[in-house]
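Those letters in the sequence shown? Residues 701 to 791, per my numbering, in order. In this text, a Cβ means the ideal position worked out from N, Cα and C, and glycines have one as well. Only one structure is covered here, and it is reproduced in the block below.
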Amino acid sequence: MIGLYTVFEHHEAQGTRAALAALHECRITFPVGIDAQDPGSEGPQTMRAYGMQGTPTTLLIDRRGYLHIHKFDHLDDMRLGAAIATLIGIR
């Protein structure tokens, strides 16, 4: 599991320091990357590439790169866990 810190407004104020503070506050312990801004267009690169509307957004992508879940808003832990278990072959 990895996370992605995506800033879609107030870009100047939302750099690495703000990301680290948010991760600490939310007790996030898994790896998190910061979505890169594309100076030539609106919004962060990954957010735009996957058509993300805001946060939170959950994407479940398998090892081949296929997108299985694309959910804007909270995703129930049981549903996500079941989908992951199915992908890795746990019955």
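So who's on the other strand from residue i, going by DSSP bridges?
i	result
Gln-737	Pro-744
Thr-757	Phe-772
Leu-720	Per DSSP, none; premise fails for Leu-720.
Tyr-750	Partner(s): none; Tyr-750 has no beta bridge.
Around the Cβ of residue i, are there at least 16 other Cβ atoms within 10 angstroms (buried) or fewer (exposed)?
i	result
Met-752	buried
Ala-719	buried
Consult DSSP for residue i and reduce its assignment to one of helix, strand or coil.
i	result
Gly-781	helix
Thr-786	helix
His-774	coil
Between residue i and residue j, which are expected to be in contact by the criterion C-beta below 8 Å, what is the C-beta distance as a whole number of angstroms?
i	j	result
Ile-730	Gly-703	Correcting the residue identity first, residue 730 is Phe in this sequence and not Ile. At roughly 6 Å, the Cβ-Cβ gap stays under 8 Å, so Phe-730 and Gly-703 are in contact.
Leu-760	Ala-785	Actually they are not in contact, since the Cβ atoms of Leu-760 and Ala-785 sit about 11 Å apart, beyond 8 Å.
Using 7 Å as the cut-off, classify the Cβ of residue i as near or not near the heavy atoms of the ligand FMN, replying yes or no.
i	result
Ala-736	Absence of the ligand FMN is noted for the structure shown, with no ligands found whatsoever.
Is the distance from the Cβ of residue i to the Cβ of residue j below 8 Å?
i	j	result
Pro-756	Asp-773	yes
Leu-832	His-770	The structure shown does not extend to residue 832, since the chain is modelled only from 701 through 791, so no value can be given for it.
Asp-735	Thr-758	no
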